[in-house]
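Engineer: I'd like to ask you about the structure that follows.
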Amino acid sequence: YKTVWEVSQKRLVDMAADRGAYIDQSQSFNVHMTNINFGKLTSMHFYGWKKGLKTGMYYLRTKAAADAIKFTVDQTMLQAEKENKVPE
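Residue numbering for the sequence shown follows my numbering, starting at 179 and increasing by one per position.
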């Protein structure tokens, strides 16, 4: 399976436009973009508009510029700190 960040947003707009013919009002459409800028966002909106979408987007989700640092805490050192001891 692909994550939301690996799926082409253009293809999702295409699928939303295909579904739109069967929807009377509008549909909630979430956009997930990496390295977002004004040009990319505007281009996506115009593409959806040309495809006949009634709503450009419901939510815009962006990916963080950097991943959080993953680390673990040694439980023995944590316990020693709580007891105010230095481990051997």
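Idealized CB from N, CA, C, for every residue including glycine.
1. According to DSSP, is V185 part of a helix, a strand, or is it coil?
2. How far does the beta strand (DSSP E) with L256 in it reach, from first residue to last?
3. Cutting at 7 Å between CB atoms, please list the residues of its own chain near G226, excluding the five before and the five after it.
4. Whose CA, out of V209, Y179, T181, lies closest to the CA of K188?
5. Would you say the beta carbon of K241 comes nearer than 8 Å to a heavy atom of the ligand GDP?
6. Does L231 pass the burial test, meaning 16 or more other C-beta atoms within 10 Å, or should it be called exposed?
7. What is the DSSP secondary structure of M211, counted as helix, strand or coil?
8. Taking three-plus beta-carbon pairs below 8 Å as touching, is the region 250-258 in contact with the region 211-225?
Structural biologist: According to the structure data:
1. Stepping through the sequence shown from its first residue, residue 185 is reached at position 7. It is coil, neither helix nor strand.
2. Stepping through the sequence shown from its first residue, residue 256 is reached at position 78. Here L256 belongs to no beta strand (DSSP E); instead the alpha helix (DSSP H) covers 253-260.
3. The sequence position of residue 226 within the sequence shown is 48, counting from 1. These residues qualify, in order along the chain: V191, G234.
4. Position 10 of the sequence shown, counting from 1, holds the residue named residue 188. Closest option to K188, Cα to Cα, is V209.
5. By its list of ligands, the structure shown contains no ligand whatsoever, and the ligand GDP lies outside what it can speak to.
6. Position 53 of the sequence shown, counted from the first residue, corresponds to residue 231. Looking at its Cβ environment, which holds 16 or more other Cβ atoms inside 10 Å, L231 is buried.
7. Walking along the sequence shown from the start, residue 211 turns up at place 33. The answer is strand: DSSP assigns M211 an E or B state.
8. no
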